[in-house]
Amino acid sequence: MIKYRISIIFVFFLCLYFTVGICLATGPETISKLENKALSGDVNAQIRLGFRALNSEYPEHSNAIFWFQMAADRGHPDSCFWLGNFHKRGWGITPDETKAIRIWKRGAAYGSIKCMEELSLYHLENQDHIKAFAWLDSLLEIQPNHDLSNRKYNDEIRENLKLKIETEKNRISHILKIEKEIPILDPFSKQTKFAKIVLPTGAEYDGQLINEKPNGFGYKATEEGEKYLGDFKNGLANGFGRLYNREGILSFEGLWNEGVPLKKAPRNK
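At position 97 of the sequence shown the residue is numbered 96 (numbering that gives the first Met the number 0), and the sequence of numbers has no breaks.
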């Protein structure tokens with residue numbers, strides 16, 4: 000089991016760097032141009048920015064999470080796989096296996112075999128054989144020749160739990176059906192517009208607006224001279240953003256929630 004999980008982790012990193020290699024090999028393209036594409040709804044640009052953040056000298060996990068979350072919100076299957084691993088392993092974020100499972104389920108609903116594989120292996124590690132075999136069977140129905148089909152399992156346990164596994168499979172099918180019916184979040188609706196306005200606080204804002212409020216990517220400069228560049232929701236900083244003091248020095252870079260910066264995870268050197 001341990002040996003197999005190590006190989007899965009290796010494949011995961013191989014997948015990351017293989018994708019990064021493709022991204023970087025597509026030709027020179029400025030970050031600002033990629034960001035413009037990403038903020039206009041280009042999922043490929045969102046993913047490329049996520050991998051660029053991971054491939055920096057000191058991996059910028061919070062930045063990568065921002066872009067992968069945006070792609071996952073728009074229904075990209077494997078972004079859910081990557082995002083789930085960030086939450087499970089605590090890369091740039093507090094470890095949260097419950098959230099990882101929820102994200103993998105969403106990815107499975109979008110058709111991610113990788114997410115289904117992670118769910119089966121996760122439950123197998125935790126000795127929940129009913130869920131483990133139910134996810135495995137669901138996966139093999141879609142991809143019969145998957146590598147997991149060659150593994151040796153305890154047939155006695157599987158046979159004894161046969162009816163319960165089938166019941167769990169039906170429950171999984173129902174869950175995935177519900178997930179599929181959830182409208183894909185599209186933050187770049189037709190109501191979104193770009194404009195420069197003065198906020199009630201006196202700060203100047205330049206960026207995306209919905210209902211005359213900052214929503215999406217934008218730039219805010221306060222009367223005191225502080226500057227914020229990043230994501231907004233309902234008028235407040237939400238998501239990934241950078242705060243600069245009046246001297247123009249970066250004072251915070253990371254995730255925000257309702258206008259409040261979240262504790263930044265230290266970079267691993």
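No residue lacks a Cβ here, since even glycine has one placed at the ideal position from N, Cα and C.
Beta-carbon gap between residue i and residue j smaller than 9 Å
i: Asp77; j: Ser119; result: no
i: Ala71; j: Gly106; result: yes
i: Trp66; j: Gly40; result: no
Under the three-state DSSP convention, the category residue i falls into
i: Arg73; result: coil
i: Ile181; result: coil
i: Tyr121; result: helix
i: Trp255; result: strand
i: Gly217; result: strand
i: Leu261; result: coil
Neighbourhood of residue i by C-beta distance below 7 Å, restricted to the same chain and skipping five residues each side
i: Tyr109; result: Gly74, Pro76 and Cys79
i: Glu178; result: Lys104, Arg105 and Ala108
For residue j and residue i, the rounded distance between their alpha carbons
i: Thr221; j: Tyr227; result: 9 Å
i: Thr25; j: Gln207; result: Because the pLDDT at Thr25 is just 40, under 50, the model does not fix this residue reliably, and the point stays unresolved.
i: Asn159; j: Thr93; result: 38 Å
i: Arg51; j: Ala63; result: 8 Å
i: Leu123; j: Cys114; result: 14 Å
i: Pro274; j: Gly240; result: Shown here, the chain extends from 0 to 268; a query on residue 274 therefore has no answer.
i: Thr29; j: Leu242; result: 22 Å
i: Leu261; j: Ser55; result: 22 Å
i: Ile164; j: Ser148; result: 17 Å
i: Gly253; j: Glu180; result: 32 Å
i: Gly234; j: Gln126; result: 46 Å
i: Gly20; j: Lys98; result: Any reading at Gly20 must be qualified, since the residue scores a pLDDT of 44, below 50, and its modelled position is unreliable; no value is offered.
Cut-off 6 Å between Cβ atoms - residues of its own chain near residue i, not counting five sequence neighbours on either side
i: Glu34; result: none
i: Lys195; result: Asp205
Sequence-distant residues of its chain with Cβ nearer than 8 Å to residue i (five each side left out)
i: Gln157; result: Correcting the residue type first, residue 157 is Arg in the shown sequence and not Gln. The answer, listed in chain order, is His128, Phe132 and Ile164.
Using a Cβ distance threshold of 8 Å, determine whether the region 167-179 contacts the region 126-146, with at least three qualifying pairs required. yes
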